[in-house]
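Peer 1:
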Amino acid sequence: MDDRSFGAERRKQEHLAPFRRGGVAAREATTWLECVRLVHCAVPDLSVADVDLSASFAGRTLRAPLFVTGMTGGTPEARLLNAEVARVAGRLGIGFGLGSQRAMLEDPDLASTYEVRAAAPDVFLAGNIGGVQLASLPLNAVARMLEAVGADALCVHLNPAQELVQPEGDRDFRGVLDAIRRAVRGLDVPVIVKEVGAGISRETALRLRDAGVRCLDVAGVGGTSWVGVEAVRRGRESDPELRALWDWGVPTAAAVAEVADLGMEVIASGGVRTGVEAARALALGASVAGVAAPVAGAWFEGGEEAVERVLSRMIEGVRAAFVLTGSRTIADLRAAPRVVTGPLREWIEARTPGRDRPAGGGAG
Ligand SMILES: Cc1cc2nc3c(=O)[nH]c(=O)nc-3n(C[C@H](O)[C@H](O)[C@H](O)COP(=O)(O)O)c2cc1C
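Residue numbering for the sequence shown is 8 to 371, as defined by my numbering.
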């Protein structure tokens, strides 16, 4: 998300470009959410109006278990995208994340491109900074950056795969965990640690939990590929090394299963494209589902209205999955019967031996 030799503003423009044309997805990998089969209930003993989609996350109650995860800032176009998408998220009662705020740290005049409070006074708003950058900043600068936009939480993004394939990307990831520990202790808003499409493993989550982190966005494999975005940006789509890393990481469903029993709150993101997929992630133990590329795509196609259409349809998809499993609440959905099949099942089994509790809370 960050690089050193381009201005953060110009880099953001380049990174948004592919999302006008549908984004850059995984080549062959999938999220493995298709391996989570929710067992159909033909006699749901509830009315659609009884379904309670509310979800608690990072100290807030969202009206539906959905989060638009961080995308952009720093350009005039980003200003409009942020304000319009945040307004929709506010209306729907779901979460909204800003893209990396590095540009406004480099040039304070760009702060207004992250300003969404006028459009969305009540939305649950997450600020955003890269882990490597967090490690180089005094905490009071981070606190000021969050205050300037009225953020309710800070997302710290980890994107080592993307950095490594950028010639000008970061090469030194030391100190990030310590910086996260300091941020958790020193900031008065919750810290959400997120990947950007390569997933978070159980081992990583445990280290983050030891550092005091309570909220994760696993952002796994199966959706946007940032190695892919870099390959496209440089016209290197056929480079074998880039192709080999394109789908690198932990698929979204596996990442959720890995961290589900750690007592952390989890955003399941990375390739979540329908409400039913979101419900499958919730059944595995996620607190909410996150989505980015389809929201950018909808905004480029039809602005605020199109974004509202896409997100409302996803929420209705979640509601349908609740009804068709006879679930009134997220807790009911987690307890509803499901079958875990295929590679996700194998992954969970392979990762379980020797543990006191199975990854995924005994999924399958
Ligand atoms: C256009 C775009 C820009 C993004 N920029 C950021 C960013 O600045 N910071 C960040 O943490 N994640 C960023 N992301 C990553 C998303 O938040 C998300 O983790 C990832 O795209 C996976 O979700 P998806 O498959 O639904 O797109 C960006 C995603 C998109 C589509």
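Backbone N, C-alpha and C define an ideal beta-carbon position, used for all residues, glycine too.
Quick one: what does DSSP say residue 180 is sitting in, helix, strand or coil?
Peer 2: Position 173 of the sequence shown, counting from 1, holds the residue named residue 180. Three-state result, residue 180: coil.
Peer 1: Let me check understanding here. Comparing Cα to Cα, which of 282, 85, 130, 39 lies closest to residue 157?
Peer 2: To locate residue 157, count along the sequence shown from 1; it is residue 150. Ranking the options by Cα distance to residue 157, first place goes to 130.
Peer 1: Compute the distance between the beta-carbons of residue 227 and residue 259, then report whether it is under 8 Å.
Peer 2: Here residue 227 is taken as the residue at index 220 of the sequence shown, counted from 1. Here residue 259 is taken as the residue at index 252 of the sequence shown, counted from 1. It is a contact, given that the beta carbons lie within the stated cut-off.
Peer 1: Relative to the alpha-carbon of residue 38, which residue among 261, 322, 289, 86 has its alpha-carbon at the smallest distance?
Peer 2: For the purposes of this step, residue 38 is identified with residue 31 of the sequence shown, where counting begins at 1. Comparing Cα-Cα distances from residue 38 to each of 261, 322, 289, 86, the minimum goes to 261.
Peer 1: Is it buried or exposed, residue 68, if we count other Cβ atoms within 10 angstroms and call 16 or more buried?
Peer 2: For the purposes of this step, residue 68 is taken as residue 61 along the sequence shown, with counting starting at 1. Per the 10 Å Cβ criterion, exposed.
Peer 1: If you reduce the DSSP assignment to three classes, tell me which class residue 4 lands in.
Peer 2: Absent from the structure is residue 4, since the part of the chain shown begins at 8 and ends at 371.
Peer 1: Within a Cβ cutoff of 8 Å, which residues of the same chain sit near residue 99, ignoring the five residues on either side of it in sequence?
Peer 2: As a first step, residue 99 is located in the sequence shown; it is residue number 92 there, counting from the start. Counting only Cβ-Cβ distances below 8 Å, and skipping sequence neighbours, we find 70, 71, 73, 315, 318, 319, 322.
Peer 1: Evaluate residue 6 with the Cβ neighbour count: other Cβ atoms within 10 Å of its Cβ, from every protein chain shown; 16 or more gives buried, anything less gives exposed.
Peer 2: Residue coverage of the chain in this structure runs from 8 to 371, which leaves residue 6 outside it and unanswerable.
Peer 1: Just to confirm the assignment: which complete beta strand (DSSP E) runs, minimum length 3, are found wholly within the stretch 243 to 317?
Peer 2: As far as the stretch 243 to 317 is concerned, its whole beta strand (DSSP E) runs of at least 3 residues are 272 to 275, 295 to 298.
Peer 1: Within this structure, are the beta carbons of residue 15 and residue 113 separated by less than 8 Å?
Peer 2: Counting from 1 along the sequence shown, the entry for residue 15 is found at position 8. Counting from 1 along the sequence shown, the entry for residue 113 is found at position 106. For residue 15 and residue 113, yes; Cβs fall inside 8 Å.
Peer 1: Count the other CB atoms within 10 Å of the CB of residue 22; is the residue buried (16 or more) or exposed (fewer)?
Peer 2: Here residue 22 corresponds to residue number 15 of the sequence shown, with the count starting at 1. Buried, because 16 or more other Cβ atoms sit within 10 Å of the Cβ of residue 22.
Peer 1: With C-beta atoms as the reference, is residue 296 less than 8 Å away from residue 313?
Peer 2: Taking the sequence shown and counting its residues from 1, the one referred to as residue 296 is at position 289. Taking the sequence shown and counting its residues from 1, the one referred to as residue 313 is at position 306. Cβ atoms of residue 296 and residue 313: not closer than 8 Å.
Peer 1: Who are the near neighbours of residue 335 in its chain, counting only those whose CB is closer than 8 Å to its CB and skipping five residues on each side?
Peer 2: As a first step, residue 335 must be located in the sequence shown, where it is residue number 328. Answer for residue 335: 53, 57, 58, 59, 329, listed in chain order.
Peer 1: I'd like to know whether the C-beta atoms of residue 32 and residue 230 end up nearer to each other than 8 Å.
Peer 2: Here residue 32 refers to the residue found at position 25 of the sequence shown. Here residue 230 refers to the residue found at position 223 of the sequence shown. Cβ atoms of residue 32 and residue 230: closer than 8 Å.
Peer 1: Report yes or no: do three or more beta-carbon pairs, one from the stretch 121 to 130 and one from the stretch 87 to 94, lie closer than 8 Å?
Peer 2: The answer is yes - the stretch 87 to 94 touches the stretch 121 to 130, with three or more Cβ pairs under 8 Å.
Peer 1: Comparing alpha-carbon positions, which option in 302, 151, 341 lies nearest residue 279?
Peer 2: As a working note, residue 279 is residue 272 in the sequence shown. It is 302 whose Cα lies nearest to the Cα of residue 279.
Peer 1: Regarding residue 276 and ligand 1, is the C-beta to nearest heavy atom distance less than 7 Å?
Peer 2: Counted from its first residue, the sequence shown places residue 276 at position 269. Flag set: Cβ of residue 276 near ligand 1.
Peer 1: Output the distance between the C-alpha atoms of residue 269 and residue 211, rounded to the nearest integer angstrom.
Peer 2: What you label residue 269 is simply residue 262 of the sequence shown in a count that begins at 1. What you label residue 211 is simply residue 204 of the sequence shown in a count that begins at 1. Going by the C-alpha atoms only, they are around 12 Å apart.
Peer 1: Going straight from the alpha carbon of residue 46 to that of residue 293, what length do you get?
Peer 2: Position 39 of the sequence shown holds residue 46. Position 286 of the sequence shown holds residue 293. When rounded, the distance between both Cα atoms is 18 Å.
Peer 1: Suppose you measure from the CA of residue 352 to the CA of residue 220; what does that come to, to the nearest Å?
Peer 2: The sequence position of residue 352 within the sequence shown is 345, counting from 1. The sequence position of residue 220 within the sequence shown is 213, counting from 1. Roughly 28 Å between the two C-alpha positions.
Peer 1: Am I right that residue 149 and residue 190 are in contact with their C-beta atoms under 8 Å? What's the rounded C-beta distance?
Peer 2: Here residue 149 is taken as the residue at index 142 of the sequence shown, counted from 1. Here residue 190 is taken as the residue at index 183 of the sequence shown, counted from 1. With 8 Å as the limit, residue 149 and residue 190 qualify as a contact, their Cβ atoms being about 7 Å apart.
Peer 1: In the structure shown, what three-state DSSP assignment does residue 67 receive?
Peer 2: Taking the first residue of the sequence shown as position 1, residue 67 is located at position 60. If DSSP states are grouped into helix, strand and coil, residue 67 belongs with the strands.
Peer 1: Where does the unbroken beta strand (DSSP E) through residue 345 begin, and where does it stop?
Peer 2: The count along the sequence shown starts at 1 and reaches residue 345 at position 338. Per DSSP, residue 345 belongs to the beta strand (DSSP E) from 345 to 347.
Peer 1: Under 7 Å: does the beta carbon of residue 222 sit that close to some heavy atom of ligand 1?
Peer 2: As a first step, residue 222 is located in the sequence shown; it is residue number 215 there, counting from the start. Residue 222: no, Cβ never under 7 Å from ligand 1.
Peer 1: Is residue 334 near ligand 1, judged by its Cβ being under 7 Å from some heavy atom?
Peer 2: Position 327 of the sequence shown, counting from 1, holds the residue named residue 334. It does not: the Cβ of residue 334 is nowhere closer than 7 Å to a heavy atom of ligand 1.
Peer 1: Of all the beta strand (DSSP E) runs that stay within the bounds of the stretch 86 to 121, which reach a length of 3 or more residues?
Peer 2: Whole beta strand (DSSP E) segments, 3+ residues: 102 to 104.
Peer 1: Here's the rule I'm using: 16 or more other beta-carbon atoms within 10 Å means buried, otherwise exposed. How should residue 50 be labelled?
Peer 2: Counted from its first residue, the sequence shown places residue 50 at position 43. With fewer than 16 other Cβ atoms within 10 Å, it is exposed.
Peer 1: Would residue 289 pass as a contact of residue 223 if the rule is Cβ separation under 8 Å?
Peer 2: For the purposes of this step, residue 289 is identified with residue 282 of the sequence shown, where counting begins at 1. For the purposes of this step, residue 223 is identified with residue 216 of the sequence shown, where counting begins at 1. Not a contact, by the Cβ cut-off of 8 Å.
Peer 1: Whose C-beta lies closer than 8 Å to the C-beta of residue 118 among residues of the same chain, with five residues either side of it excluded?
Peer 2: On the sequence shown, residue 118 is found 111 positions in, with the first residue counted as 1. Cβ within range, chain order: 111, 155, 156.
Peer 1: Consult DSSP for residue 44 and reduce its assignment to one of helix, strand or coil.
Peer 2: By 1-based counting over the sequence shown, the position of residue 44 is 37. Here residue 44 sits in strand by DSSP.
Peer 1: For residue 195, does the three-state DSSP call read helix, strand or coil?
Peer 2: Translated into the one-based positions of the sequence shown, residue 195 becomes position 188. If DSSP states are grouped into helix, strand and coil, residue 195 belongs with coil.
Peer 1: List in chain order: all unbroken beta strand (DSSP E) runs of 3+ residues lying wholly within the stretch 200 to 248.
Peer 2: Here the runs fully enclosed are 222 to 224.
Peer 1: Do you know offhand how far residue 365's Cα is from residue 287's?
Peer 2: Here residue 365 is taken as the residue at index 358 of the sequence shown, counted from 1. Here residue 287 is taken as the residue at index 280 of the sequence shown, counted from 1. Any reading at residue 365 needs caution, since the residue's pLDDT is 49, under 50, leaving its predicted position unreliable; the model's value is listed next. The straight-line gap from Cα to Cα measures roughly 18 Å.
Peer 1: Using C-beta distances below 7 Å, list every residue in its chain close to residue 252, excluding the 5 sequence neighbours before and after it, in chain order.
Peer 2: What you label residue 252 is simply residue 245 of the sequence shown in a count that begins at 1. Here the set comprises 168, 172, 234.
Peer 1: Pull up the DSSP beta-bridge partners for residue 135, would you.
Peer 2: The residue given as residue 135 occupies position 128 in the sequence shown. Answer is 162, bridged to residue 135.
Peer 1: Is any non-hydrogen atom of ligand 1 found closer than 7 Å to the C-beta of residue 26, if you look at the structure I gave you?
Peer 2: Position 19 of the sequence shown, counted from the start, is the residue given in the question as residue 26. Within the cutoff, so yes.
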